[in-house]
Amino acid sequence: MSAADRTGAGPSPLSSTLLAVPSVDALVFGVAPKPVHCGHGVMIGAGTVIPEINFTLPPMSIEEATWGQVRREYTEIIEGVCQRAVDLDVPALLVEFETLPPMTVNPAWGLEITRLLADTLAKYHDRDGLKCALRLTPNDSRDHERPPRMRSGPYWDGMVEVFRGAAGAGADMLAIESTGGKEVCDEALMSADLRTMVFALGVLAPRDMQFLWSEIVTACREGGIVPSGDTACGFANTALALAEQKMLPRVFAAVVRVASVPRGLVAYEQGAVGPSKDCAYEGPYMKAICGVPISMEGRSAACAHLSSMGNIAQAVCDCWSNESVQNVRLLSASAPVVSMEQLAYDCRLLNLATSRSREDARLLRDLLVDSDASLDPQAYVLRPDVVLRISAEIVKEVSPYLRTRRAVQAAVQEIRAAHAAGGLRIAPNEVRWLDRLARAADALPDDEGAFIDEMMEALKDSPYLPAEYDLPA
Amino acid sequence: MTDLQQLYTAILEGNAPTAKSTVQAALEEGVDPQELLTKYMVPAMDEVGRLFEANEYFVPELLIAARAMKGALEIIKPKLVDAGAQPAGRVAIGTVRGDLHDIGKNLVAAMLEGGGFEVIDLGVDVSPERFVETAKEKGASVIAMSALLTTTMPGMKTTIEALTQAGIRGQVKVMIGGAPVTQRYADEIGADGFSDNASGAVRIARQLVA
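Protein chains in written order, with this note's numbering: chain A, -8 to 464; chain B, 2 to 211.
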């Protein structure tokens, strides 16, 4: 098997080594080189940051017997958030509906809720002039099986049915949190095994992304809706959550974040146009490299998970999201309505800065950046200047693996240099991990074929199916 | 004469080859396997758990220590069985129905194995019926359930009810965990134990089978 065959995903359509965003001055919130138009008059990345609200059910079973209650919950949520969005005069509203697993396994359920949400959004648009759009994100249920079948079987069929039914049900864009390679990455994360993590994120995941996003883009084109973006949630956000719980070193989580960038690029190579998914904290790299608008979440997502990037995550966003919130009652209102209000005010502030002057926007961006960047390596790798430097390294390579290798090495180098210069705080018990990661990063081979052969042998008992990734069984 | 302190240090540092070779050498010299277990191996894992809870160790360090412990245990297990010793307990562990998250569950399973438990890992998306069957057929004394989603948490309650309906609730202890799970929820559904971390789960399991 030649190295080219092993590469599978092939040379990148991103043939240019130039970044879409050429300078730190141009990497700012609200503006992306390639804005996206969608839904009822929504423009993303054209100068205005818009809120993206996401929500989920309170603790309850999803089954035939509870379906009426499920519908009532979603009705209450969407009515509440739309009304609050109107009351607060948001410039536009993006609503994301992430299906819960039973709603992808049973696609009719997922599409029924999509229709419910879309109809309500249309009502508020027609009645109140609310500019709005609905992003549908089917969950990647292929992960139900171990080893997962990535390209066939009932779980895949259910996902395809949701993809193809999305436009008809009223969705304006499709996204996904895809999981190809996660079955290998999970174990690598727990062991902080950089080499296996790079195999999962740099070899397996891009191969799956190429296949999956080809399907999604085709479905979107047929339905006339927007193929938006993906996220390394199952990879880098798992590392983030584990680091936040002090289970993994933060330096490792930071490196995983940057390692997820080449994987994410594959969606855009296949035809996705943005905005990237909110939980894709790697979004600034997508914006810098591809020029697509990005959705981000930070302190606004504390209702779903904690992070150390609460402010910096907002610095170059085009949509600002809350990740997800349960429909539970708080003192003021239901939690989704509370989230809606928080997002609306956050966006209002960003947009005010933009309306005053470019300098004011950059000042606000820099305050957001500087308030977090020196306190955690995961925040540090989101600094606009760091994003641009590492992105410039990534695009020098042509294959996802080599890009991932380059990303890892560049991230470790940036973190070490910042720590050595006193510009980045790293806990004493993490310093030994930084040294380990540097050694492991340097040891990644430049021969992709040899690396794949080595890892396939090392992982021959792992719960993944090589053929599902175009690798020899 | 083998320096048995090496065994303690090897497990603490996750050095499986040294842990195994030290155990092997000690057994050949006639050292009592029970002494190896109780004086060196279990205290080493206890120290690993303490370092983790003190935020000195991270999970990867916990895991490699557990693997070193498991490797050493596999060597002394036949001797312990010959001497009539029993495993710490048999635990059937799984992520509840509808939930596919297994990182936390896998970590608890590894730590339980390192703690001397026999672990039956049922994987993810485990139905109440499967937990019940396993408890019956494999004689599990503890059922450990994990959930990451608020929408799948009710599967824990359903499983406890299924154990009651099957008439074996009194023979099986139930422990639960996972990001949205709390001690209050454990109390509400009648679980016997709850832990929000892996080393704590081993401690709870030991209490439950004591």
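Positions of the beta carbon are idealized from the N, C-alpha and C atoms, including for glycine.
Exposure label - residue i; buried when at least 16 CB within 10 Å
| i | result |
| --- | --- |
| A:Y272 | buried |
| A:D(-4) | Reliability of the predicted coordinates at A:D(-4) is poor, the pLDDT of 39 falling under 50, and the value obtained from them is presented with this limitation in mind. A:D(-4) is exposed by the Cβ-count criterion. |
| A:R254 | buried |
| A:K278 | buried |
| A:P436 | exposed |
| A:S14 | exposed |
| B:E130 | exposed |
| A:T47 | buried |
| B:M46 | buried |
| B:M2 | exposed |
| A:F394 | It should be noted that the sequence gives Arg, not Phe, for residue 394 of chain A. Flag for A:R394 reads buried. |
| B:Q6 | exposed |
| A:R349 | exposed |
CB contact check: residue i to chain A, cutoff 8 Å
| i | result |
| --- | --- |
| B:F1 | Outside the shown range of chain B (2 to 211) lies residue 1 of chain B, about which nothing can therefore be said. |
| B:N16 | no |
| B:D126 | yes |
| B:L113 | no |
| B:P155 | yes |
| B:G99 | yes |
| B:E57 | yes |
| B:A20 | no |
9 Å Cβ cut-off: residues of chain A touching residue i
| i | result |
| --- | --- |
| B:T151 | T47, L48, P49, P50, M51, Q317 |
Closer than 8 Å at the beta carbon, the chain B residues around residue i
| i | result |
| --- | --- |
| A:S330 | Result: empty, since nearest Cβ-Cβ is about 16 Å, beyond 8 Å. |
| A:T229 | I104 |
Contacts of residue i in chain B (Cβ-Cβ under 9 Å)
| i | result |
| --- | --- |
| A:S182 | V60, P61, L64, I65 |
| A:N420 | N56, E57, Y58, F59 |
Contact with chain B by residue i, beta-carbon distance below 8 Å
| i | result |
| --- | --- |
| A:H135 | yes |
| A:T57 | no |
| A:N302 | no |
| A:K237 | yes |
| A:P240 | yes |
| A:P93 | yes |
| A:L233 | yes |
| A:D177 | yes |
| A:N313 | no |
Cutoff 6 Å; reference residue i; Cβ partners in own chain excluding five residues on either side
| i | result |
| --- | --- |
| B:N198 | none |
| A:Y455 | P138, E174, V175 |
| B:Y58 | L52 |
| B:R68 | A17 |
| B:V109 | A199, A202 |
| B:A187 | I177, F195 |
| A:A335 | P42, L79, V81 |
Cut-off 8 Å between Cβ atoms - residues of its own chain near residue i, not counting five sequence neighbours on either side
| i | result |
| --- | --- |
| B:K139 | R91, A93, I121 |
| A:A434 | R186 |
| A:L9 | V386 |
| B:A211 | none |
| B:T151 | P181 |
Contacting residues, own chain, Cβ-Cβ under 7 Å from residue i (five flanking each side not counted)
| i | result |
| --- | --- |
| B:D193 | K174, V175, M176, L209 |
| A:A432 | L185, V399, Q400, V403 |
| A:L102 | V153, G156, A160 |
| A:V360 | I303, A306, R374, P375 |
| A:A196 | G171, G172, R254 |
| B:T10 | none |
Per-residue contacts from residue i into chain A (C-beta, under 8 Å)
| i | result |
| --- | --- |
| B:E75 | What B:E75 touches in chain A: nothing, since even the nearest Cβ is about 17 Å away. |
Partners in chain A for residue i, counting only beta-carbon separations shorter than 7 Å
| i | result |
| --- | --- |
| B:L108 | M181 |
Residue i CB to nearest heavy atom of the ligand GTP below 7 Å
| i | result |
| --- | --- |
| A:A418 | Questions concerning the ligand GTP fall outside what the structure shown contains, since it holds no ligand whatsoever. |
TODO: Write down every uninterrupted run of the beta strand (DSSP E) in the region 74 to 132 of chain B whose length is 3 residues or greater and which is fully enclosed by it, in chain order.
DONE: The region 74 to 132 of chain B contains these whole beta strand (DSSP E) runs: 91 to 96, 119 to 122.
Task: Whole alpha helix (DSSP H) elements within the region 209 to 236 of chain A, 4-residue minimum - done: You should have 229 to 235.
Task: Segments assigned alpha helix (DSSP H), at least 4 residues, entirely inside the region 263 to 299 of chain A - done: The region 263 to 299 of chain A contains these whole alpha helix (DSSP H) runs: 274 to 281.
Open item on the list: So within the region 358 to 402 of chain A, which uninterrupted alpha helix (DSSP H) runs reach at least 4 residues, ignoring any that extend past its ends?
Closed with: The qualifying runs are 368 to 371, 375 to 385.
Open item on the list: Quick check for students: name the residue ranges of the alpha helix (DSSP H) that lie wholly in the region 401 to 448 of chain A, counting only runs of 4 or more.
Closed with: Counting whole runs of 4 or more residues, the region 401 to 448 of chain A contains the alpha helix (DSSP H) stretches 419 to 433.
Open item on the list: Which runs of the alpha helix (DSSP H) at least 4 residues long sit entirely within the region 128 to 178 of chain B? Give them in chain order.
Closed with: Those alpha helix (DSSP H) runs which fall completely within the region 128 to 178 of chain B and span 4+ residues are 129 to 139, 155 to 166.
TODO: Only counting runs of 4 or more residues, tell me where the alpha helix (DSSP H) segments fall wholly within the region 20 to 84 of chain B, in order along the chain.
DONE: At a cut-off of 4 residues, the continuous stretches assigned as alpha helix (DSSP H) that sit fully inside the region 20 to 84 of chain B are 43 to 54, 60 to 83.
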